[in-house]
Amino acid sequence: MHIQDTKKPLIFRVLSFHKRRVFVFFIYRLLFALSFLFFYISFVGILKRHFVFDYKEIGLLLFPSFVSLILPLIKLPSLRNTVKYLEMMNPDFKGRLFLVFFPFKTEQDDNKWFNQALSESENIYFSKRVPVFDWRKFYVPSVLFILSIIIFLSSHKNLKVINPYIDVLYTKGYVAEGEPSFVLVKSNLPEVFVYGAGRREKMIKMRDFRWGIVLKPDTTSVFRIGYRHYTRDIKIEVLPLLQIEQVEVKYIYPEYINVPAQIESTIPEEVNSIEGTIVRVSGMANRRLRSIEGIDNEKIYGKRFTFHIRVYKDTTYILTFEDSLNLTSDDYKIKIHCIPDEKPEIEIVYPQGDYRITTTNLVPLVF
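Quick note, the sequence shown lines up with residues 2 to 368 if you use our numbering.
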């Protein structure tokens, strides 16, 4: 081919025109692509769905940008397309430009047809001005591009690009049945939700990027905490209520009243007994115990326990059993009503005065 011979005025002009046409075509497509990109980002900003991603997910924003910039490079006008365009704009060429740039060669090609086509094409090209570009085609993409820039500038404040994190600051892995569980996390996400048990709940925003919520699961569940696909899993196990399964209450009365001990099988709510009575309580819970609040003489052996209460005044005990997981039982209220012990008094009224006992006598006492 002879198109490398750029010293020829026609060839030089056509190749220069082709380069400008490719550039203009690229700008034309680029305006559409950038308009799409800015409209896309503005749409996200208007919806206030903040861009939040880490380095692995940065393609969420880069993908439309990549597509927008690559599309203008696809199927750019070829030289054949440019020659065809010039032939169409000036019918006088009648295929001569094709013979110049894409000549039909034979075995005995002596450049005769090329030289003739080149000479005639030069006369046509330089004698009659060929329309180069139709700039009216740029009206639509230019307006769209300017409009997208305006919308982008009005909505870009809603866009945030961050490296998200979720740190669980506090959660109780075990809760008793029916009890709430407080969850506290720290995250720079714009919103934090809790997903689980077939529903979604929004966490309450606090200061210093802290978020909190009170959950009340019915069964053992795994909850996802986060925003969109940035989540952390926490497990909350629901345990049965701490209960006293077996109990024995033994009332031990003072010896001098000669009353045998009594035994009951439930923790009493009220005790009415004589002063000096000992109420001894022993039993077994449904889980291992740690302590019994409200009493200071308890003894614990795994699930079993024992303690005692001495009746000496009116008082009220509020007992709370705590297991090894720091879960507590319902309060047991025991009200003690002490009956004062009025011991008998003996006064000798006869014989009067000093009386010396010299022999063994039976002295009558009058009460």
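Just so it is clear, CB atoms sit at the ideal spot from N, CA and C, and this is done for glycine as well. What you are looking at is a predicted structure, and each value in this text was computed from that prediction instead of being measured.
query: Meets three-Cβ-pair contact criterion under 8 Å: the segment 254 to 262 and the segment 217 to 232; result: no
query: C-alpha distance - H19 paired with Y41, whole-angstrom precision; result: 33 Å
query: Beta carbon of F308 nearer than 7 Å to that of E299; result: yes
query: Close beta carbons around Y175, own chain, < 7 Å, minus the five adjacent residues each side; result: E238, L240, L326 and L328
query: Identified DSSP bridge partners for M207; result: Its beta-bridge partners do not exist; DSSP assigns none.
query: V215 - DSSP class collapsed to helix/strand/coil; result: strand
query: Touching by the beta-carbon criterion (3+ pairs, under 8 Å), the segment 332 to 346 and the segment 275 to 282; result: yes
query: Alpha-carbon to alpha-carbon, P181 and S188; result: 22 Å
query: L290 versus L242, L32 and E265, residue with shortest Cα-Cα distance; result: L242
query: Cut-off 8 Å between Cβ atoms - residues of its own chain near P142, not counting five sequence neighbours on either side; result: Y29, L32, F33 and S36
query: Boundaries (first-last residue) of the beta strand (DSSP E) holding L170; result: I167 to Y171
query: CA-to-CA distance, V68 to L38, given in whole angstroms; result: 9 Å
query: Continuous alpha helix (DSSP H) assignments of at least 4 residues falling wholly in the segment 269 to 317; result: none
query: Reduced DSSP secondary structure (H/G/I, E/B, other) of I75; result: coil
query: Sequence-distant residues of its chain with Cβ nearer than 6 Å to K314 (five each side left out); result: C339
query: Exposed unless 16 or more other CB atoms sit within 10 angstroms - verdict on R21; result: exposed
query: Beta-carbon proximity of I167 to V186, cut-off 7 Å; result: yes
query: Beta-carbon proximity check, V193 vs Y228, cutoff 7 Å; result: yes
query: Q5 - DSSP class collapsed to helix/strand/coil; result: Its pLDDT being 47, under 50, Q5 is placed unreliably in this model, and the value from its coordinates should be taken loosely. Q5 falls in the coil class under three-state DSSP.
query: Contact set for E202: own chain, Cβ-Cβ below 6 Å, skip 5 residues either direction; result: V195
query: Where H19 falls: helix, strand or coil (DSSP); result: helix
query: C-beta atoms of K336 and E271 nearer than 7 Å; result: yes
query: Y86 versus V23, M285 and R137, residue with shortest Cα-Cα distance; result: V23
query: Proximity of I377 and V248 at Cβ, strictly below 7 Å; result: The shown model of the chain, from 2 to 368, leaves out residue 377, and the question about it has no answer.
query: Cα-Cα separation between D331 and G284, rounded to whole angstroms; result: 16 Å
query: Distance, L320 Cα to I258 Cα; result: 30 Å
query: Terminal residues of the alpha helix (DSSP H) in which Y140 lies; result: Y140 to S156
query: Collapsed DSSP secondary structure at S182 in the structure displayed; result: strand
query: Endpoints, the beta strand (DSSP E) within which Y252 is located; result: I245 to I253
query: Straight-line Cα distance separating I75 from V83; result: Correcting the residue type first, residue 83 is Thr in the shown sequence and not Val. If you take the alpha carbons of T83 and I75, they lie about 16 Å apart.
query: Residues near L145 by beta carbon distance below 6 Å, same chain, minus five either side; result: S36
query: Bridge partner(s) assigned by DSSP for F194; result: K203 and G227
query: Reference I226; option with closest CA among A198, V250 and S266; result: A198
query: Assigned exposure category for R208 - 16 Cβ within 10 Å defines buried; result: exposed
query: Close Cβ partners of I205 (< 8 Å) along its chain, the five nearest in sequence each way excluded; result: W212, G213 and I214
query: Member of L216, T172, G303 and I296 whose CA lies at the smallest distance from the CA of R288; result: G303
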